[in-house]
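Colleague:
Laid out in structure tokens, this is it:
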């Protein structure tokens, strides 16, 4: 018999050869195992808990869908920016450097024209210098929109000749931009669907056409030594006119209030 059968704590048996019980107590038969039945199991399914689980599941699905949509949006934006990391990226950098150099060159040409007494030509060079600076700014902004980093650039030494020579140099530069540089850059930007570059190149091209015509006219009338002349430059696109537009800029379409008088 068990040594402590009375209190239910069997620590062994005093009878040799007796088997040990299944509960680990010698001399006792194995205890029958009973499963605990929780109140929820007795009462059946809990509707509130089911609804809560459903809400949690729905919220999890919604979060997953939102995350997927956000990732897709970010990938789309990255791909859009990456479109310009080709020919257009290099063209924007080249155009920025060219316009920055042209602005500095025309400023020096203006000083030379004033020194030689060609004040009307000096006014034209000053207006063109301001316009080219606007083009450079627009190209830099297009690069930023497309996720392209602008490389540092230093204007090279500028050769200044006589006013007559400077006019020929300026007209030749504008001719190249109008007939070759900007048309090619614009075509590449359209192929790569780089809209900010398309906008900037289109506005610059229209302005350079006007500059080319103004330089040709100034060359023909150089000997008249015209006095200082007023020109009007659009602060948005750089368009350069001899008269203020009636309502809006003919190139960018912004109100004429964006024009600045330069003489």
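Residue numbers (this note's numbering): 25 to 287. All C-beta atoms, glycine included, are put in the ideal place defined by N, C-alpha and C.
From residue 65 to residue 80, what distance separates their C-alpha atoms?
Modeller: Note that residue 65 has pLDDT 48, beneath the 50 cutoff, so the model's placement of it is unreliable and no number is given.
Colleague: Does the stretch 191-211 come within contact of the stretch 227-235, defined as at least 3 CB pairs closer than 8 Å?
Modeller: Yes, since at least three Cβ pairs between the stretch 191-211 and the stretch 227-235 fall closer than 8 Å, the two stretches touch.
Colleague: Let's see if you can read the secondary structure: which residues bound the beta strand (DSSP E) around residue 257?
Modeller: Unbroken beta strand (DSSP E) run through residue 257: 255-258.
Colleague: Given a cut-off of 9 Å on the beta-carbon distance, is the pair residue 287 and residue 255 in contact?
Modeller: Yes, the pair counts as a contact, with Cβ atoms nearer than the cut-off.
Colleague: My guess is that residue 198 and residue 235 are in contact by the Cβ rule of under 8 Å, so how many angstroms apart are they, rounded?
Modeller: That belief holds up - the Cβ atoms of residue 198 and residue 235 are roughly 5 Å apart, short of 8 Å.
Colleague: Per DSSP, residue 272 forms a beta bridge with which residues?
Modeller: Bridge partners of residue 272: 279.
Colleague: In this structure, what does DSSP give as the bridge partners for residue 158?
Modeller: According to DSSP, which records beta bridges pairwise, residue 158 is partnered with nothing at all.
Colleague: Just verifying my parser: in three-state terms, what is the DSSP assignment at residue 265?
Modeller: DSSP places residue 265 in strand when its eight states are reduced to three.
Colleague: Using 8 Å as the cut-off, can you tell me whether the stretch 122-133 makes contact with the stretch 144-162, which would need three or more C-beta pairs spanning the two stretches below that distance?
Modeller: Result yes; three or more Cβ-Cβ pairs closer than 8 Å.
Colleague: Pop quiz: residue 253 and residue 144 are said to be a contact at Cβ under 8 Å. What is the actual Cβ separation, rounded to whole angstroms?
Modeller: At roughly 5 Å, the Cβ-Cβ gap stays under 8 Å, so residue 253 and residue 144 are in contact.
Colleague: Which partner residues of residue 286 appear in the DSSP bridge assignment?
Modeller: For residue 286, which the question treats as bridged, DSSP gives the partners 255.
Colleague: With a 10 Å radius around its C-beta and 16 neighbouring C-beta atoms as the bar for buried, classify residue 115 as buried or exposed.
Modeller: Buried is the call here.
Colleague: On the three-state DSSP scale, how would you describe residue 168?
Modeller: Correct three-state label for residue 168: helix.
Colleague: Can the beta-carbon of residue 159 be found closer than 9 Å to that of residue 113?
Modeller: Their beta carbons are not under 9 Å apart, which means residue 159 does not touch residue 113 by this criterion.
Colleague: So for residue 144, helix, strand or coil by DSSP?
Modeller: The answer is helix: DSSP assigns residue 144 an H, G or I state.
Colleague: Answer yes or no: do residue 257 and residue 137 have a C-beta to C-beta separation smaller than 9 Å?
Modeller: For residue 257 and residue 137, no; Cβs fall outside 9 Å.
Colleague: According to DSSP, is residue 122 part of a helix, a strand, or is it coil?
Modeller: Of the three classes helix, strand and coil, the one that applies to residue 122 here is helix, per DSSP.
Colleague: Drop a sphere of 10 angstroms on the beta-carbon of residue 157, count the other beta-carbons inside from all chains shown, and report buried for 16 or more, exposed for fewer.
Modeller: Buried: at least 16 other Cβ atoms inside 10 Å.
Colleague: Kindly indicate the opening and closing residues of the alpha helix (DSSP H) around residue 191.
Modeller: Start and end: 187-200.
Colleague: Assuming residue 225 contacts residue 206 (C-beta within less than 8 Å), just tell me the rounded distance between them.
Modeller: Confirmed, Cβ separation roughly 6 Å.
Colleague: Shortest alpha-carbon distance to residue 20 belongs to which of 246, 177, 76?
Modeller: In the structure as shown, the chain begins at 25 and stops at 287. Residue 20 is therefore absent and cannot be evaluated.
Colleague: How long is the line joining the alpha carbons of residue 163 and residue 194, rounded to whole angstroms?
Modeller: Each residue's alpha carbon lies about 20 Å from the other.
Colleague: Please return the same chain residues whose Cβ sits closer than 8 Å to the Cβ of residue 271, not counting the five positions on each side in sequence.
Modeller: Excluding sequence neighbours, residue 271 sits near 279, 280.
Colleague: Might you give, ordered along the chain, the residues of its own chain that have their beta carbon closer than 7 Å to the beta carbon of residue 233, omitting 5 neighbours on each side?
Modeller: Contacts found: 202.
Colleague: What are the start and end residues of the alpha helix (DSSP H) that includes residue 242?
Modeller: Run containing residue 242: 219-244, per the alpha helix (DSSP H) assignment.
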